[in-house]
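Q: Supplied in structure tokens, the structure appears directly below.
In UniProt numbering, the protein residues as written are 1 to 404.
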């Protein structure tokens with residue numbers, strides 16, 4: 001009994017330091033179950049260095065006995081060995097299941113993730129909801145019908161439910177399901193609303209022109225950014241500012257702390273001269289621990305009716321500099337990109353750095369939502385300039401997303 005009490009009475013700071021060595025969530029859960037005292041001292045969601053989960057729908061859900069609930073897989077690549085990485089189909093090893101009744105394959109789309117939350121768009125009614133699968137908490141965001149380019153929404157006007165400004169800025173009409181599927185390109189958040197709802201903020205890249213809008217608690221609609229520029233590929237929160245990148249490689253900077261609201265626009269730094277403008281070469285922004293900004297250029301090509309990544313270019317904008325420079329080494333860090341908030345993470349314990357983990361977030365490439373398609377998922381190793389593809393033979397209705 002004294003031995004048990006010794007473990008229960010361990011110094012709280014020492015216990016938290018021990019918990020940082022548990023990089024897989026299922027291992028962390030076992031740590032909290034050692035005794036009641038540890039469960040009380042350790043937070044339900046771990047802090048510190050965490051391995052992102054790869055969340056993907058079950059492609060064989062109809063073969064299961066669950067009729068009203070959707071099965072989702074959680075897969076941790078960093079905890080997997082090379083054999084698992086080369087696996088083409090889903091297996092039980094290193095795969096964990098969660099039940100998400102809110103996620104039905106044909107009616108829900110994941111269009112963002114960050115801080116443990118998923119951002120989900122409903123195909124049927126255009127609602128946008130945040131869902132935390134670990135705590136089962138939910139938060140409603142304004143629906144698609146409140147985007148700045150939407151003029152009117154008449155749900156009973158079948159086939160022409162939406163009146164909007166199209167990609168030519170001409171007034172037009174379109175049907176509901178297609179708009180709900182394609183209009184939300186990506187949503188990111190600055191923090192968990194459970195921690196600080198007053199300062200919470202969500203950003204969205206929306207519409208055929210890929211413009212920017214934001215939401216703050218109390219807003220009934222999405223508010224357009226103070227720029228009418230188009231073709232944005234990515235947007236992030238970094239060092240109390242918002243940075244965005246368009247398909248030309250032009251950087252934008254916005255200040256969120258002004259009394260007049262969001263202020264900003266084109267950054268003085270010009271795009272690298274060798275940047276290509278192309279929908280098959282999307283750009284991503286990542287904020288780094290050393291204060292630098294990274295721009296990733298992802299090169300894709302069409303193979304057998306589906307798109308595949310074949311190359312990454314990386315550029316760094318150092319703090320207080322005004323020019324991008326090419327970067328070929330990430331050190332002991334990993335970049336994680338897709339529908340998630342683009343992030344840099346330290347290489348997990350016993351895992352390799354200098355890598356890019358990527359999932360498929362090219363909406364234009366998902367030509368037929370009602371037919372499952374193979375997804376462009378994998379790891380790019382900068383040391384060897386090589387790709388490890390994941391789940392090559394698995395076809396999914398909804399693109400997978402990283403969840404941390």
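Every residue gets a Cβ at the ideal spot worked out from N, C-alpha and C, and that includes glycine.
1. Work out the CA separation of residue 178 and residue 56 for me, nearest whole Å.
2. Would you identify the three-state DSSP class for residue 187, choosing helix, strand or coil?
3. Between 373, 239, 381, 393, which has its C-alpha nearest residue 357's C-alpha?
4. Starting from residue 158, trace the alpha helix (DSSP H) in both directions and tell me its first and last residue.
5. How should residue 124 be labelled, buried or exposed, when 16 other C-beta atoms within 10 angstroms of its C-beta is the threshold for buried?
6. What distance in whole Å lies between the Cβ atoms of residue 307 and residue 393, which are believed to be in contact at a cut-off of 8 Å?
7. Just the Cα atoms here: how many angstroms apart are residue 160 and residue 172?
8. Please classify residue 18 as buried or exposed, where buried requires at least 16 neighbouring CB atoms within 10 angstroms.
9. Quick one: Cα of residue 208 to Cα of residue 167, how far?
10. So the beta strand (DSSP E) residue 171 belongs to, where does it begin and stop?
11. For residue 282, count neighbouring C-beta atoms within 10 Å of its own C-beta (all shown protein chains included) and say buried if the count is 16 or more, exposed if not.
12. When the distance is taken between beta carbons, is residue 379 closer than 8 Å to residue 355?
13. Could you pull the DSSP bridge partners for residue 130 from this structure?
14. Spatial neighbours of residue 6 within its chain, please: C-beta separation below 7 Å, excluding the five flanking residues on both sides.
15. Excluding the 5 residues flanking residue 174 on each side, which residues of the same chain have their C-beta closer than 6 Å to its C-beta?
16. Quick check on residue 144: does DSSP put it in helix, strand or coil?
17. With distances taken Cα to Cα, identify the nearest neighbour of residue 274 among 346, 158, 249.
18. Near residue 233, what residues of its chain come up, given a Cβ to Cβ distance below 6 Å and the 5 sequence neighbours on each side ignored?
19. Could you check where the beta strand (DSSP E) with residue 303 kicks off and where it finishes?
20. If we ignore side chains and look at the alpha-carbon of each, how far apart do residue 320 and residue 373 end up?
21. Span of the beta strand (DSSP E) holding residue 263?
22. Can you tell me where the beta strand (DSSP E) holding residue 357 begins and where it ends?
23. For the candidate residues 230, 40, 324, whose alpha-carbon lies nearest to that of residue 270?
24. Who does residue 396 pair with in a DSSP beta bridge?
25. In chain order, what residues of the same chain have a beta carbon less than 6 Å from the beta carbon of residue 277, not counting five sequence neighbours either side?
26. Hey, residue 142 and residue 199 are a contact pair by Cβ (cut 8 Å); roughly how many whole angstroms apart?
27. Could you pull the start and end residues of the alpha helix (DSSP H) that residue 38 belongs to?
28. Let me know the secondary structure DSSP gives residue 178 once reduced to three states.
29. Residue 224 and residue 210 - do their beta-carbons sit closer together than 8 Å?
30. So the beta strand (DSSP E) residue 316 belongs to, where does it begin and stop?
31. Output the distance between the C-alpha atoms of residue 385 and residue 314, rounded to the nearest integer angstrom.
32. Following the continuous beta strand (DSSP E) through residue 151, name the residue where it begins and the one where it ends.
33. If you count every other CB in all the chains shown that lies within 10 Å of the CB of residue 138, and 16 or more means buried, which is it?
34. Check this for me: beta carbons of residue 292 and residue 317, under 8 Å apart or not?
35. In its own chain, which residues sit with a C-beta less than 8 Å from the C-beta of residue 15, not counting the 5 before and 5 after it?
36. Using only alpha-carbon positions, find the residue among 205, 202, 127, 222 that is nearest to residue 176.
A: Looking at the atomic coordinates:
1. For this step, residue 56 is matched to residue 56 along the chain shown. For this step, residue 178 is matched to residue 178 along the chain shown. Approximately 22 Å between the Cα atoms of the pair.
2. Locating residue 187 in the chain shown gives position 187, counting from the first residue. Reduced to three states, the DSSP call for residue 187 is strand.
3. Taking the first residue of the chain shown as 1, we reach residue 357 at position 357. It is 381.
4. Along the chain shown, read from residue 1 onward, the residue named residue 158 stands at position 158. It is not in any alpha helix (DSSP H) - residue 158 carries neither H nor E in the DSSP assignment.
5. One-based indexing of the chain shown puts residue 124 at position 124. Under this definition residue 124 is an exposed residue.
6. On the chain shown, position 393 is the one that residue 393 refers to. On the chain shown, position 307 is the one that residue 307 refers to. That belief does not hold up - the Cβ atoms of residue 393 and residue 307 are roughly 16 Å apart, past 8 Å.
7. As a working note, residue 160 is residue 160 in the chain shown. As a working note, residue 172 is residue 172 in the chain shown. Residue 160 and residue 172: Cα-Cα distance of roughly 9 Å.
8. Sequence index remark: in the chain shown, residue 18 carries index 18 (1-based). Label assigned to residue 18: exposed.
9. In the chain shown, the residue the question calls residue 208 occupies position 208. In the chain shown, the residue the question calls residue 167 occupies position 167. Between residue 208 and residue 167, the C-alpha separation is close to 5 Å.
10. Numbered from 1 along the chain shown, position 171 holds the residue referred to as residue 171. Segment 171-174, the beta strand (DSSP E) holding residue 171.
11. Against the chain shown, residue 282 aligns to sequence position 282. Answer is buried; the Cβ neighbour count reaches 16.
12. For the purposes of this step, residue 355 is taken as residue 355 along the chain shown, with counting starting at 1. For the purposes of this step, residue 379 is taken as residue 379 along the chain shown, with counting starting at 1. Yes, the Cβ-Cβ distance between residue 355 and residue 379 is below 8 Å.
13. What you label residue 130 is simply residue 130 of the chain shown in a count that begins at 1. Its beta-bridge partners are 119, 139.
14. Within the chain shown, residue 6 is the residue found at index 6, counting from 1. Counting only Cβ-Cβ distances below 7 Å, and skipping sequence neighbours, we find nothing.
15. Here residue 174 refers to the residue found at position 174 of the chain shown. For residue 174, where only same-chain residues beyond five positions count, the Cβ hits under 6 Å are 162.
16. The count along the chain shown starts at 1 and reaches residue 144 at position 144. Helix at residue 144.
17. In the chain shown, counting from the first residue as 1, residue 274 sits at position 274. For the residues 346, 158, 249, the minimum Cα distance to residue 274 belongs to 249.
18. As a working mapping, residue 233 is identified with position 233 in the chain shown. Once the five neighbours on either side are set aside, the close Cβ partners of residue 233 are 245, 247, 282, 283.
19. Mapped onto the chain shown, residue 303 falls at position 303. Run containing residue 303: 293-303, per the beta strand (DSSP E) assignment.
20. The count along the chain shown starts at 1 and reaches residue 320 at position 320. The count along the chain shown starts at 1 and reaches residue 373 at position 373. About 44 Å.
21. Against the chain shown, residue 263 aligns to sequence position 263. Looking at the DSSP string, the run of the beta strand (DSSP E) that includes residue 263 is 263-266.
22. Here residue 357 corresponds to residue number 357 of the chain shown, with the count starting at 1. 355-358 is the extent of the beta strand (DSSP E) around residue 357.
23. By one-based count along the chain shown, residue 270 stands at place 270. Of 230, 40, 324, the residue nearest in Cα terms is 324.
24. Mapped onto the chain shown, residue 396 falls at position 396. Beta-bridge pairing links residue 396 to 373.
25. Here residue 277 is taken as the residue at index 277 of the chain shown, counted from 1. Counting only Cβ-Cβ distances below 6 Å, and skipping sequence neighbours, we find 247, 248.
26. Position 142 of the chain shown holds residue 142. Position 199 of the chain shown holds residue 199. Not a contact, Cβ separation roughly 18 Å.
27. Counting from one through the chain shown, the residue named residue 38 turns up at place 38. Element bounds for residue 38: 36-41.
28. Indexing the chain shown from 1 puts residue 178 at position 178. Looking at residue 178 - three-state DSSP - the assignment turns out to be helix.
29. Along the chain shown, one-based indexing puts residue 210 at 210. Along the chain shown, one-based indexing puts residue 224 at 224. For residue 210 and residue 224, no; Cβs fall outside 8 Å.
30. If you number the chain shown from 1, residue 316 lands on position 316. Element bounds for residue 316: 306-317.
31. For the purposes of this step, residue 385 is identified with residue 385 of the chain shown, where counting begins at 1. For the purposes of this step, residue 314 is identified with residue 314 of the chain shown, where counting begins at 1. Spanning the two alpha carbons is a distance of roughly 13 Å.
32. Residue numbering aside, residue 151 sits at position 151 when the chain shown is read from its first letter. Run containing residue 151: 150-153, per the beta strand (DSSP E) assignment.
33. By 1-based counting over the chain shown, the position of residue 138 is 138. By the neighbour-count rule (16 or more Cβ atoms within 10 Å), residue 138 is not buried but exposed.
34. Within the chain shown, numbered from 1, the residue matching residue 292 stands at position 292. Within the chain shown, numbered from 1, the residue matching residue 317 stands at position 317. Cβ distance < 8 Å, so residue 292 and residue 317 count as in contact.
35. Sequence index remark: in the chain shown, residue 15 carries index 15 (1-based). Taken in chain order, the residues that qualify are 38, 41, 42.
36. Translated into the one-based positions of the chain shown, residue 176 becomes position 176. Closest option to residue 176, Cα to Cα, is 127.
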